[in-house]
Amino acid sequence: MTETARVELTETAADLLRELTAAHGPLMFHQSGGCCDGSAPMCYPLGEFRTGDSDVLLAELRVAGVSPGIPFWMSKSQYARWSHTRLVVDVVEGRGSGFSLEAPEGVRFLIRSYLVG
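So for the sequence shown, the working numbering puts the first residue at 16; every next one is plus one.
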């Protein structure tokens, strides 16, 4: 993980993103501000989720062996609450209830966050 990144990936998340890219092509993330699974980072084929003026591009995630980078978007309202944190995308066992691409794999993406100074 790099020290200056707003959004980071665990090795487990990077491995899964390589698999998902091979199966689905270029990817993107959107972090919404819902509750329960609605607050999980959702992974879509690039362009499948429409972003607009109510969203902020936080990072272009670089994964070895994956091109292009994977954009990570967040709603502006959610960013206002999380602007003081660094986000780490991880993977845990269990299936979320959303439309994220990893759901059929029996795992789900999860955000871990910590305060930045």
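Positions of the beta carbon are idealized from the N, C-alpha and C atoms, including for glycine.
Hey, out of the options, whose CA is closest to residue i's CA?
i	options	result
Gly-62	Leu-76, Ser-47 and Pro-41	Pro-41
Pro-60	Pro-86, Leu-102 and Leu-125	Pro-86
Met-57	Leu-125, Val-122, Ser-115 and Val-131	Ser-115
Ala-95	Glu-34, Gly-67, Gly-48 and Ala-79	Gly-48
Would you tell me roughly how many angstroms separate the C-alpha atoms of residue i and residue j, rounded to the nearest one?
i	j	result
Met-43	Asp-105	15 Å
Ala-37	Ala-118	16 Å
Val-71	Lys-91	6 Å
His-39	Leu-31	12 Å
Leu-130	Val-22	12 Å
Glu-34	Ala-28	10 Å
Is the shortest distance between the beta-carbon of residue i and the beta-carbons of chain C less than 8 Å?
i	result
Ser-90	The structure shown contains no chain C; it is built from a single protein chain.
With a CB to CB cut of under 7 Å and the five nearest residues on each side skipped, what residues in its chain are close to residue i?
i	result
Gln-93	Gln-46, Ser-47 and Gly-48
With residue i and residue j assumed to form a contact (beta carbons below 8 Å), what rounded beta-carbon distance in angstroms separates them?
i	j	result
Val-78	Leu-24	7 Å
- [ ] Scan the segment 55-115 and note each continuous alpha helix (DSSP H) run of 4 residues or more that stays entirely inside, going in chain order.
- [x] Whole alpha helix (DSSP H) segments, 4+ residues: 91-97.
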